[in-house]
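Working notes, beginning with the structure itself.
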Amino acid sequence: MQTWGRDLATYHPHVHFIVPGGGVSEDGTQWLSSPTNFLFPESAASIIYRAKFRDAMKAAGLYDSIDSRVWQQHWQVDVLPVADGRAALKYLAPYVFRVAISDNRIEHVTDTHVTYRYTPTGKRRSVTPEVTGEAFTRSFLQHVLPSRFQKVRHYGFWGSNCRTNFELVRMLVWFYVGWFYYLTSHRADPEPAPQRDRPKCAKCGGVMRIVEVVYDNCRTLVEHSRKYLDSG
38 MQTWGRDLAT YHPHVHFIVP GGGVSEDGTQ WLSSPTNFLF PESAASIIYR
88 AKFRDAMKAA GLYDSIDSRV WQQHWQVDVL PVADGRAALK YLAPYVFRVA
138 ISDNRIEHVT DTHVTYRYTP TGKRRSVTPE VTGEAFTRSF LQHVLPSRFQ
188 KVRHYGFWGS NCRTNFELVR MLVWFYVGWF YYLTSHRADP EPAPQRDRPK
238 CAKCGGVMRI VEVVYDNCRT LVEHSRKYLD SG
């Protein structure tokens, strides 16, 4: 679940789902694969998801505060095959830690205004809008999720209350899809991330460690131990 697009000022809530191309039979002995070119009809999913969301808003007492035109619009649903899913996981996993905008996209800050950079969808050239400090803060805070909001949820055999052992699921997939799937996946577990050399002192050659982060006009002079990632 995320609410931002490329432009910080845009409020664009949307949900990413990673769905397995099949499931385990009721007796837990077979992997039932879906067709390689079909999972479910996108048009039907759009209607159902919109209806479910509308029912949830009614139950929460928020339905009357929503513009009625929302329910007349088409809700976009895209279903794309992603092979064994590792590429999709690599792309979506950083969103867990991403924020609406990172420091390096803030171009300039004054006592009253902020200039930031983003690349509009479908364009190659970036734009740099200048907004008031109040407008910038308002745009950023609209993407701060409510307290105790669960950003990532797991269902099915990934769910915490599922009685099906995940190792059994993986074994069934390998057995029914074919051992070629296992051999081409190289290994069962993902490869460890490459280790990066820690910065060293130019004078003595000793390994350096971060002790303080200093900001000047919102530009980081000393790097964080973990960089914020964003969609820009």
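If you count the sequence shown from 1, you need to add 37 to reach our numbering. The C-beta atom is built at its ideal place from N, Cα and C for all residues, glycine as well.
Rounded C-alpha distance that separates residue i from residue j
i	j	result
Tyr100	Met94	5 Å
Tyr192	Pro57	11 Å
Arg87	Phe77	16 Å
Val244	Ala81	57 Å
Trp112	Val133	24 Å
Tyr162	Tyr155	Looking at the sequence provided, one finds Arg at residue 162 rather than Tyr. Cα to Cα, Arg162 sits roughly 9 Å from Tyr155.
Pro72	His150	53 Å
Leu45	Gln39	12 Å
Val164	Asp148	22 Å
Ala130	Val181	18 Å
Pro118	Asn74	8 Å
Ala125	Ile55	8 Å
Val114	Asp92	19 Å
Trp108	Ser184	27 Å
Ala120	Cys241	49 Å
Tyr213	Gln67	8 Å
Asp234	Lys160	35 Å
Ser102	Ala96	13 Å
Ile84	Lys127	29 Å
Pro166	Val52	27 Å
Val259	Ile143	Confidence in Val259 is poor, its pLDDT being 37 and thus under 50, which makes the residue's placement too unreliable to answer from.
Glu63	Asn202	13 Å
Gly196	Gly98	28 Å
Arg246	Glu204	40 Å
Those residues which DSSP pairs with residue i across a bridge
i	result
His150	Thr169
Ile143	Tyr153
Leu69	Gly60
Tyr86	Tyr86 pairs with nothing; no bridge assigned.
Gln179	Answer is none; Gln179 lacks a bridge partner.
Tyr128	DSSP output for Tyr128 lists no bridge partner at all.
Gln39	His51
Val164	Tyr155
Residues near residue i in its chain [Cβ-Cβ closer than 6 Å; skip 5 each side]
i	result
Gly60	Leu69
Tyr265	In this predicted model, Tyr265 has a pLDDT of only 34, less than 50, meaning its place in the structure is not dependable; the value taken from the coordinates is given anyway. Answer for Tyr265: Val136 and Ser139, listed in chain order.
Val116	Leu76 and Glu79
Lys19	Absent from the structure is residue 19, since the part of the chain shown begins at 38 and ends at 269.
His145	Thr152
Same chain only: Cβ atoms within 8 Å of residue i, ignoring 5 sequence neighbours per side
i	result
Thr158	Gly42 and Arg43
Three-way DSSP call (helix, strand, coil) for residue i in this model
i	result
Lys188	coil
Thr158	coil
Tyr95	The question names Tyr, but residue 95 in the sequence shown is Lys. Residue state, collapsed to three classes: helix.
Val244	strand
Own chain residues within Cβ distance below 7 Å of residue i, not counting five before or after
i	result
Val168	His150 and Val151
Cys199	Gly193
Val206	Val61 and Phe194
Leu209	Val61, Gln67 and Trp68
Gly122	Ile55
His49	Thr40, Trp41 and Gly42
*asked:* Would you call the segment 125 to 144 in contact with the segment 171 to 183, where contact means no fewer than 3 C-beta pairs closer than 8 Å?
replied: These segments touch.
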